[in-house]
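Colleague:
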Amino acid sequence: MSSNTPYQTGRIKDSWVLVIAIVLVASTLRAPLTAVGPVIDQIKDALHISNSVAGILTTIPLIIFGIISPLVSKITAKLTMSRTVFLAIAIILLALIVRVLGVFNFFIIGTLLLGVGIALNNVVLPSYVKWKFPMQVGIMTGLYSGTMNFTAGLGGGLSFPLSEIGGYRLSLSFWIIFGMIAAILWLPQMKSGSKAEKKMLEEVEHKDRKRFHVSRSKLAWSIALMMGFQSMIFYTFVAWVPSILVDRGLNQSSAGYLLMLNQFSQVPMTFLFPILASKMKNQKLLITIVSALFIIGFALFFTQSFTLLIIGMILAGFGMGSGFSLCMTFFSIRARTSDGSIALSGFGQSVGYFVAAIGPFFVGLLHDLTGGWVSGIIALIIMGILFYIFGLASSHGEVEDELA
């Protein structure tokens, strides 16, 4: 879409069914992943797999994200964004069913499908919001990214209690409910939205449409690496910080509750920062604040004070929530057009998740080599510094200007 591509003029107060549908779609994009950790021992026993194989289960979705993300722009060009969202919901629902059929091969297939479905909507939602709510990008980005973080916390917090009722299968299939409601609410939008998108494309002359080679943009690379280190922090944190807390003197139960506190503390920042970012031409101040939250929060993990560890978990949560939502917002505001936005989102998430996949493995390797978690804490702090470096480079400009 060229710069004169007509946008929708939707407003949140006039589109509540669509807003609720977007929120429910967002609820399926992290919780099915965070629900695995608390019941991993049950999964290992039921499927007869080793620790190393179980560790791969958390890495598979990240690799799939990296593979699928750059393909999304081609898929939406064929199907439209509205239909792509519905396709992704259907894939996620299928994945949640296949994953709990009780056979290891099905679990792997379900995990692969889950990665595909989540990757599609991870990329499409920022662009869809930019197209549908051009004047309320910040609020809508905060709404759906906040939902992702809130349900990520619920996924981890409810997983074990649900497993006590119906085993790990109930824990992992619980999110089918949200996906089904999202699919039902999305059906009318898929029909009307697809028509609106097709009409929009017809109004834009073919010669005015551009193919975006975002890999040629320094800004796109900065945003991709910013996304990468933000995601590396999140997935490394979820994988290893409970073990770090146990090493600091907490029991496993307390470590689990602090992880849930960390996930919930992300929510207010995911609402606030996109709104602030969308009102600012330059987001250097926000990047500095996020990076400071990361570095200070992680530094407190060196202590064995329970109070300081709680503060560290909350500050790190603030950093993760605001950092994630800034990345999602940048996919929208660092591009002038919807075509540019979806190309940037696909590229940024592809590179980003490949970078992120290194983190959990690398920190685990550091622990094996050193026999302790000090090196892992230092690694988290370095990730926060790298986020700051690439975040500053991402805090102004538009990809179309570099590609003109």
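Per the numbering used here, the sequence shown starts with residue -5, numbered consecutively.
The beta carbon of each residue, even a glycine, is placed where N, CA and C say it ideally should be.
A quick note: this is a predicted structure, and the numbers were derived from the prediction, not measured.
Ends of the alpha helix (DSSP H) at Ala351?
Modeller: No alpha helix (DSSP H) contains Ala351, which DSSP labels as neither H nor E.
Colleague: Specify the secondary structure class of Ile178 as computed by DSSP and reduced to three states.
Modeller: Ile178 carries a helical assignment under DSSP once its states are collapsed to helix, strand and coil.
Colleague: Name the two residues that bound the continuous alpha helix (DSSP H) containing Ser225.
Modeller: Lys212 to Asp241
Colleague: To the nearest angstrom, how far is the alpha carbon of Ala218 from that of Phe355?
Modeller: In this model, Ala218 and Phe355 are separated by some 20 Å (Cα to Cα).
Colleague: Could you check the C-alpha separation between Phe292 and Ile133 for me, to the nearest Å?
Modeller: Per the coordinates, the alpha-carbon of Phe292 lies some 29 Å from the alpha-carbon of Ile133.
Colleague: Below 6 Å CB to CB, which residues in the same chain sit around Ile69 once its five sequence neighbours on both sides are set aside?
Modeller: Thr78
Colleague: Contact defined as beta carbons within less than 8 Å: I believe Ile352 pairs with Met226. What is the distance between those atoms, to the nearest angstrom?
Modeller: That belief holds up - the Cβ atoms of Ile352 and Met226 are roughly 7 Å apart, short of 8 Å.
Colleague: Within 10 angstroms of the Cβ of His207, are there 16 or more other Cβ atoms? Answer buried if so, exposed if not.
Modeller: exposed
Colleague: Leaving aside the five residues before and after Pro120 along the sequence, list all residues of the same chain whose C-beta is less than 6 Å from its C-beta, in chain order.
Modeller: Met322, Phe325, Ser326 and Ser339
Colleague: Pair every Cβ in the segment 256 to 263 with every Cβ in the segment 374 to 394, then say whether three or more of these pairs are closer than 8 Å.
Modeller: no
Colleague: Could you give the first and the last residue of the continuous alpha helix (DSSP H) run that contains Met129?
Modeller: The continuous stretches of alpha helix (DSSP H) do not include Met129, and DSSP gives it neither H nor E.
Colleague: For Met184, count neighbouring Cβ atoms within 10 angstroms of its own Cβ and tell me buried if that reaches 16, exposed if not.
Modeller: buried
Colleague: Need the endpoints of the alpha helix (DSSP H) that Met307 sits in, please.
Modeller: Phe300 to Ile327
Colleague: Tell whether a beta-carbon distance below 8 Å holds between Val13 and Ile336.
Modeller: Not in contact: Val13 and Ile336 (Cβ atoms no closer than 8 Å).
Colleague: Can you look up Ile267 in the DSSP assignment and give me helix, strand or coil?
Modeller: Contrary to the premise, residue 267 reads as Phe rather than Ile in this sequence. Phe267: helix per DSSP, three-state reduction.
Colleague: Give me the residue from Ser285, Ser63, Phe267 and Ser388 with the minimum Cα distance to Met109.
Modeller: It should be noted that the sequence gives Gly, not Met, for residue 109. Residue Ser63 is the option with its Cα nearest to Gly109.
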